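Presented below is the structure to which this report refers.
Residue numbers (the working numbering): 1 to 313.
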């Protein structure tokens, strides 16, 4: 379990994290979703004892982050966004070094290494040099190392950064398998990927500029928008302000444009706002190049709280 209360971190006059509070229960995967620079990695570094907070408190499995650092380190595992395995060691050697740091040895260590490498699909490559692994396999090795000592809390900082879509999906499936093997495992995940947060997280908090803006399950956060549909239009020409106002009068919510030609907004489902918007624009002389109507996403949640798209933040 993770308990965070009013945790802050300042670097000089710069506030990286500002009075952050949340709780992650045993067996739960909790996500921190936000753009680069939102304060996610700084928060992870504090919770893993690598940085001291400026103010506030936190407990990991009931252990005080400030007063019991060594005990906290013993019950957590970490997978950072940076590659930290030694490329000149074999796959097995990397885990052996990690295990010995946590006091594992002999038969116990050998069994644990085999268990974790089989779980991540790398047992057949145990004698291979790490530098010969693909990016996806190297990431799997990082995860195997992070859970080698059977931590009660696992911190994942942007775990699929730099991976191709196929490798990302494979890592997502692997997380599901790890949770099935250890249902009590508490996971804190940071990501700027909306799809990743939607797939992996039981609950999440959206962060921006060091603050938590909202918190809840992905579905609850999307329901709270009271819309349900996202409409995307591409037009031949630039949208005039008066025509944007006309779209809002039809029922368009959180209207935004991309260089004038791309239009996005939210609408209530079942009211046909997307098609009516296309008809209105055609009637005003615009050519509709593209129309997409889809369910709202976490991108829309982020926009509703910040006034800008996550991908542009």
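Where a beta carbon is used, it is the ideal one built from N, C-alpha and C, also for glycine. The structure presented is a predicted model; accordingly, all values stated were derived computationally and were not measured.
Around the C-beta of residue 11, fewer than 16 other C-beta atoms lie within 10 Å, and the residue is accordingly described as exposed.
Counting only runs of 3 or more residues that sit fully inside the stretch 61 to 106, the beta strand (DSSP E) segments are 76 to 79, in chain order.
Boundaries of the beta strand (DSSP E) around residue 266: 262 to 267. Residue burial is scored here from C-beta neighbours: residue 236 has fewer than 16 other C-beta atoms within 10 angstroms and is therefore classed as exposed. The beta carbon of residue 273 lies closer than 7 Å to those of 231, 250, 251, 252 and 267 in the same chain, with the five residues before and after it left out.
Using a Cβ distance threshold of 7 Å, residue 94 and residue 85 count as a contacting pair. The three-state reading of DSSP puts residue 191 in strand, counting E and B together. Taking the CA atoms as reference points, residue 18 sits about 32 Å from residue 150. For residue 205 and residue 212, the gap between their C-alpha atoms comes out near 6 Å. Look at residue 233 here: in three-state DSSP terms it is strand. In the DSSP annotation of this structure, the continuous segment of the beta strand (DSSP E) that includes residue 203 starts and ends at 203 to 208.
Beta-bridge partners of residue 295 (DSSP): 229. For residue 153, the three-state secondary structure derived from DSSP is strand.
The stretch 185 to 201 and the stretch 286 to 294 do not touch, with fewer than three beta-carbon pairs separated by less than 8 Å. Two segments are said to touch when three or more pairs of C-beta atoms, one from each, lie closer than 8 Å; by this definition the stretch 137 to 153 touches the stretch 110 to 127. By the Cβ test, the stretch 31 to 40 is in contact with the stretch 189 to 197, since at least three Cβ pairs between them sit closer than 8 Å. As computed with DSSP, residue 129 is found in a beta bridge with 90. Bridge pairing for residue 31: 189 and 204 [DSSP]. If you ignore the 5 residues before and after residue 51, its C-beta comes within less than 6 Å of the C-beta of 45, all in its own chain and listed in chain order.
For residue 21, the enclosing beta strand (DSSP E) begins and ends at 14 to 24.
The beta carbon of residue 156 is closer than 6 Å to those of 79 and 189 in its chain, skipping five residues each way along the sequence.
Taken through DSSP and simplified to helix, strand or coil, residue 217 comes out as coil. The beta-carbon distance between residue 218 and residue 195, rounded to whole angstroms, is 10 Å. This is too long to meet the 8 Å contact definition.
Relative to residue 160, the option among 170, 209, 277 and 5 whose CA is nearest is 170. If you ignore the 5 residues before and after residue 255, its C-beta comes within less than 8 Å of the C-beta of 244, 247, 248, 263, 264 and 265, all in its own chain and listed in chain order. Excluding five sequence positions before and after residue 105, the CB atoms of its chain that fall closer than 8 Å to its own CB belong to 99, given in chain order. Distance from the CA of residue 179 to the CA of residue 30, rounded to the nearest whole angstrom, comes to 13 Å. In its chain, beyond the 5 residues on either side, 206, 214, 221, 222, 224 and 225 have a beta carbon closer than 8 Å to the beta carbon of residue 301.
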